[in-house]
Amino acid sequence: MKLTTHSEKETRDAAHKLAAVIIQAKPRKHALVFGLTGELGAGKTLFIKALAKSLGVSERVSSPSFLIFRTYKINLPQFQKLHHVDAYRLKDPKDIVSLGFDTMIGDSHSIMVIEWAEKIKTLLTKNTHWIIFHHSDKPTERTIEGLPITL
């Protein structure tokens, strides 16, 4: 699905809609993975913060740029963890493997949202849901492509 948002609020609303889809997701054999791509400032982090809040994360969500990833507890029937990964600073996809990436992606009770996911594409499952963020000519307008309507 392709969506154009005209404000930060509308971008957050798109994340809330994705959360509603995630909550209805069927159990799976590995993590539910979302690969987010787009230029700096395209709305990826804003989207993830809103998604985390909608999934029940109560603590402050911030970009894990220097830590590479942060894990948040969620309390859904099929998911207990939300991993927020920021691959922007990675020089080689293998760099994240030593941080326990294989364990995270193999955990069927986890959701992974990965900013700059194209940098670690070779490590992602074929079932990764790709969400692409585009800037517009208007400062607050964004186009978001790939939002799943079912999982």
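Residue numbers for the sequence shown follow UniProt numbering, beginning at 1 and rising by one. No residue lacks a Cβ here, since even glycine has one placed at the ideal position from N, Cα and C.
Alpha carbon of residue i to alpha carbon of residue j, nearest angstrom
{"i": "residue 162", "j": "residue 48", "result": "This structure cannot speak to residue 162, because the chain is shown only from 1 to 151."}
{"i": "residue 31", "j": "residue 104", "result": "7 Å"}
{"i": "residue 91", "j": "residue 16", "result": "32 Å"}
{"i": "residue 58", "j": "residue 138", "result": "32 Å"}
{"i": "residue 45", "j": "residue 62", "result": "8 Å"}
{"i": "residue 125", "j": "residue 18", "result": "20 Å"}
{"i": "residue 149", "j": "residue 52", "result": "18 Å"}
{"i": "residue 133", "j": "residue 76", "result": "27 Å"}
Beta-carbon separation (whole angstroms), residue i vs residue j, contact threshold 8 Å
{"i": "residue 109", "j": "residue 69", "result": "Not quite, the Cβ-Cβ distance comes to about 16 Å (not below 8 Å), so this is no contact."}
{"i": "residue 131", "j": "residue 36", "result": "5 Å"}
{"i": "residue 7", "j": "residue 140", "result": "5 Å"}
Closest by C-alpha distance to residue i, when choosing among the options
{"i": "residue 112", "options": "23, 34, 6", "result": "34"}
{"i": "residue 119", "options": "88, 67, 29", "result": "88"}
{"i": "residue 152", "options": "66, 77, 127", "result": "Look at the range of the chain in this structure, 1 to 151, and you will see that residue 152 is not part of it."}
{"i": "residue 24", "options": "71, 55, 145, 102", "result": "55"}
{"i": "residue 171", "options": "100, 133, 129", "result": "Nothing about residue 171 can be reported from this structure: the residues present for the chain run from 1 to 151 only."}
DSSP state of residue i mapped onto helix, strand, coil
{"i": "residue 12", "result": "helix"}
{"i": "residue 3", "result": "strand"}
{"i": "residue 119", "result": "helix"}
{"i": "residue 76", "result": "coil"}
{"i": "residue 103", "result": "helix"}
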